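Trainee: Residue numbering for the sequence shown follows the UniProt record's numbering, starting at 1 and increasing by one per position.
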Amino acid sequence: MAHIAFFSVAAHGHVSPTFGIVAELVARGHKVTYFTTGAFEERLTRLGATVCRYDVATSPGQSPGAFAAGDPSALPLFFLHGSAERIALAERQFAGGRPDLIVYDNTVPFAGRALARRWGCRAVQFFPSIASSRGYALMDAMLERTSRSAEHEAHTAEFDRRLGAFLAEAGLGGLGTEEFMDFEEELNLAFLPREFQPREESFGPHYRFVGPSLGGRADEGSWQPPAGGRPVVYVSLGTVFNRATDFYRRCVEAFEGSEFHLLMSVGEGTDPAALGALPGNVEVHPSVPQLSVLEQAAVFVTHGGMGSTMEALSFATPMVLVPQMVEQEIIADRVADLHLGIRLDPADSDPGALLDAVRRAAGEPRIAEHAARMRQRIRAAGGARAAAEAVEDLLRTAAERTAGK
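(1) On the three-state DSSP scale, how would you describe E311?
(2) Do you know how far the Cα of E400 is from the Cα of V339?
(3) Have a look at G97 and T50 and give me their C-alpha separation to the nearest angstrom.
(4) For A398, which residues from the same chain have a beta carbon less than 6 Å from its beta carbon, with the 5 sequence-adjacent residues on both sides left out?
(5) What residue range does the alpha helix (DSSP H) around H30 cover?
(6) If you count every other CB in all the chains shown that lies within 10 Å of the CB of A95, and 16 or more means buried, which is it?
(7) I need the straight-line Cα distance from G215 to E256, nearest angstrom please.
(8) Alpha carbon to alpha carbon, how far is G112 from A10? Give it in angstroms, no decimals.
(9) Looking at the structure shown, is G20 part of a helix, part of a strand, or coil, going by DSSP?
(10) I think N281 touches R230, with their Cβ atoms under 8 Å apart; what is that distance to the nearest whole Å?
(11) What is the rounded straight-line gap between the Cα of A387 and the Cα of V335?
(12) Report the start-end ranges of each beta strand (DSSP E) in the stretch 172-197 that is 3 residues or longer and not cut off at the edges.
(13) Find out if the Cβ-Cβ distance for the pair F40, V22 is shorter than 8 Å.
(14) Compute the distance between the beta-carbons of V210 and L394, then report whether it is under 8 Å.
(15) Can you give me the C-alpha to C-alpha distance between A353 and V235, rounded to a whole angstrom?
(16) What span of residues does the beta strand (DSSP E) with C52 cover, start to end?
(17) Do P128 and F191 have their C-beta atoms closer together than 8 Å?
(18) Please list the terminal residues of the continuous alpha helix (DSSP H) segment that includes E158.
(19) Shortest alpha-carbon distance to V320 belongs to which of F126, V391, D356 and M139?
(20) Tell me the DSSP secondary structure of G13 in three-state form.
(21) Could you name the residues of the same chain whose beta carbon sits closer than 6 Å to that of D100, not counting the 5 residues immediately before and after it, in chain order?
(22) How should T45 be labelled, buried or exposed, when 16 other C-beta atoms within 10 angstroms of its C-beta is the threshold for buried?
(23) Residues bridged to Q290 by DSSP?
(24) Over the uninterrupted beta strand (DSSP E) stretch that includes L263, give me the two end residues.
(25) Find the nearest neighbour of T245 within the set P226, E268 and E259, judged by alpha-carbon distance.
(26) Name the residue from D345, G341 and E178 whose alpha carbon lies nearest to the alpha carbon of E369.
(27) Distance check for F19 and S222, CA to CA, integer angstroms please.
(28) Can you give me the C-alpha to C-alpha distance between R53 and E169, rounded to a whole angstrom?
(29) Could you compute how far the alpha carbon of I330 sits from the alpha carbon of T402?
(30) Buried or exposed: E327, going by 16 or more other Cβ atoms within 10 Å of its Cβ?
(31) Rounded to a whole number of angstroms, what is the C-alpha to C-alpha distance between A274 and R194?
(32) How big is the Cα-Cα spacing for P323 and S349?
(33) Helix, strand or coil for S83? Go by DSSP, reduced to three states.
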């Protein structure tokens, strides 16, 4: 069996989508070593992975707020930070023998892609959000939607400089920065169904659209709605943008006295007491077992992160999307274009607009029909099983090539 190393962004929207794949690979007898922070160590260990823990401090001036900046050109710098330390950690971890395969998050390709070139081993890149190819690039789509800030050119030049220094330090100084970033692996896994991908015709067969993998999360528990049978509206802005007390207050005002039961997950950084006295049809928690809730919700009010969006579609749950950054705007527009939900601009999310959007999402037959159809597409995509089979096919092909030499 193979030894597989995983590299990803240490954030829920990037690590959680891999839980099911890790569990499936371990169940098939493979050894998985996962490079991540302590926040995910316990869960991954329970799934059978070996966790190689790192804790890289955020560079000065960087915070989750950087994700919401109008000009996304700062994001590559954000994600490049700490990559050299991860390479050094991997060199120590694998001093006794290299892995057979590296699986890395396309959002942070630096350490995984560099190590694969340095060690001469196979690599797979995965896309936890909308996928990119030489025919369609998510970053380009994001830049098209934003006005370039005064720092745009400086960000781009600084990233090119730092990436060049990183490649030189990694022993890949002969590789140009543009060539390093413009790369498609033999196998590229996209965690969405092909039907959801913009410009899907530009993606060849080496891109496998396996959809979301919801396994490996049985320990999250379950949620039961209160008696009375009111349709449930679930509100969550994810784990990065959830310090949004004013938005939560508008939600409480919107649904007070309505026909809905409102459930809000507000994160650890928001004090529910700050929302004041809650009506009887409203409950607020720092976190909830999201999959269990979505299975029972009538409507999901979400920021439109890809993980949350795919989870909702896995249960054919209609959505109202209130995007918090440009990538989420692209996802929200895709949901609206495919008649899977309704997009609501944050500036327009007053209580009346929220209630109206939820009622439309809950009551429009076309949304229910298209959401049910997308749920079938997700099931057909195969999830963790399809991803593991694709990985094993790649390993098998590589072994056959080696044997034939």
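Yeah, the Cβ is synthetic: ideal placement off N, Cα and C, and Gly gets one too.
All values reported here derive from a predicted model rather than from experimental measurement.
Mentor: Result, derived from the coordinates:
(1) Taking the first residue of the sequence shown as 1, we reach residue 311 at position 311. Helix, per DSSP.
(2) Mapped onto the sequence shown, residue 339 falls at position 339. Mapped onto the sequence shown, residue 400 falls at position 400. As written in the sequence, residue 339 is His, which differs from the Val given in the question. Distance between the alpha carbons of H339 and E400: 45 Å.
(3) Translated into the one-based positions of the sequence shown, residue 97 becomes position 97. Translated into the one-based positions of the sequence shown, residue 50 becomes position 50. Going by the C-alpha atoms only, they are around 15 Å apart.
(4) As a first step, residue 398 must be located in the sequence shown, where it is residue number 398. Hits under 6 Å: R122.
(5) Indexing the sequence shown from 1 puts residue 30 at position 30. Segment: none, H30 is in no alpha helix (DSSP H) and carries neither H nor E.
(6) Taking the first residue of the sequence shown as 1, we reach residue 95 at position 95. By the neighbour-count rule (16 or more Cβ atoms within 10 Å), A95 is not buried but exposed.
(7) On the sequence shown, residue 215 is found 215 positions in, with the first residue counted as 1. On the sequence shown, residue 256 is found 256 positions in, with the first residue counted as 1. Straight-line Cα distance between these residues: approximately 35 Å.
(8) Against the sequence shown, residue 10 aligns to sequence position 10. Against the sequence shown, residue 112 aligns to sequence position 112. If I take the Cα positions, the gap works out to 14 Å.
(9) Position 20 of the sequence shown, counted from the start, is the residue given in the question as residue 20. Reduced to three states, the DSSP call for G20 is helix.
(10) Indexing the sequence shown from 1 puts residue 281 at position 281. Indexing the sequence shown from 1 puts residue 230 at position 230. Rounded, the Cβ-Cβ distance is 6 Å, consistent with contact.
(11) In the sequence shown, counting from the first residue as 1, residue 387 sits at position 387. In the sequence shown, counting from the first residue as 1, residue 335 sits at position 335. Computed Cα separation, rounded: 24 Å.
(12) 187-190
(13) For this step, residue 40 is matched to residue 40 along the sequence shown. For this step, residue 22 is matched to residue 22 along the sequence shown. Their beta carbons are not under 8 Å apart, which means F40 does not touch V22 by this criterion.
(14) Looking up residue 210 in the sequence shown gives position 210. Looking up residue 394 in the sequence shown gives position 394. No. Outside cutoff.
(15) By one-based count along the sequence shown, residue 353 stands at place 353. By one-based count along the sequence shown, residue 235 stands at place 235. Straight-line Cα distance between these residues: approximately 15 Å.
(16) Along the sequence shown, one-based indexing puts residue 52 at 52. From DSSP, the beta strand (DSSP E) with C52 extends over T50 to R53.
(17) As a working note, residue 128 is residue 128 in the sequence shown. As a working note, residue 191 is residue 191 in the sequence shown. It is a contact, given that the beta carbons lie within the stated cut-off.
(18) Locating residue 158 in the sequence shown gives position 158, counting from the first residue. Per DSSP, E158 belongs to the alpha helix (DSSP H) from H152 to E169.
(19) Indexing the sequence shown from 1 puts residue 320 at position 320. Of the listed residues, the one whose Cα sits closest to V320 is D356.
(20) For the purposes of this step, residue 13 is taken as residue 13 along the sequence shown, with counting starting at 1. Helix, per DSSP.
(21) Position 100 of the sequence shown holds residue 100. Once the five neighbours on either side are set aside, the close Cβ partners of D100 are A2 and H3.
(22) Start at 1 with the first residue of the sequence shown, and residue 45 comes out as number 45. It counts as exposed.
(23) Here residue 290 refers to the residue found at position 290 of the sequence shown. Partner(s): none; Q290 has no beta bridge.
(24) Numbered from its first residue, the sequence shown carries residue 263 at position 263. Segment H261 to S265, the beta strand (DSSP E) holding L263.
(25) Here residue 245 corresponds to residue number 245 of the sequence shown, with the count starting at 1. Nearest option by C-alpha distance: E268.
(26) Your numbering for residue 369 matches position 369 in the sequence shown. Taking only the C-alpha atoms, the option nearest E369 is G341.
(27) Your numbering for residue 222 matches position 222 in the sequence shown. Your numbering for residue 19 matches position 19 in the sequence shown. Cα-Cα distance, rounded: 18 Å.
(28) Within the sequence shown, residue 53 is the residue found at index 53, counting from 1. Within the sequence shown, residue 169 is the residue found at index 169, counting from 1. Between R53 and E169, the C-alpha separation is close to 22 Å.
(29) Numbered from its first residue, the sequence shown carries residue 330 at position 330. Numbered from its first residue, the sequence shown carries residue 402 at position 402. The straight-line gap separating the alpha-carbon atoms of I330 and T402 is approximately 42 Å.
(30) Position 327 of the sequence shown, counted from the start, is the residue given in the question as residue 327. Classified as buried, E327 has 16 or more neighbouring CB atoms from the shown chains inside 10 Å of its CB.
(31) Here residue 274 is taken as the residue at index 274 of the sequence shown, counted from 1. Here residue 194 is taken as the residue at index 194 of the sequence shown, counted from 1. For A274 and R194, the distance between alpha carbons rounds to 42 Å.
(32) Here residue 323 is taken as the residue at index 323 of the sequence shown, counted from 1. Here residue 349 is taken as the residue at index 349 of the sequence shown, counted from 1. Roughly 11 Å separates the two Cα atoms.
(33) Your numbering for residue 83 matches position 83 in the sequence shown. In the structure shown, S83 sits in a helix (DSSP, three-state: H, G or I).
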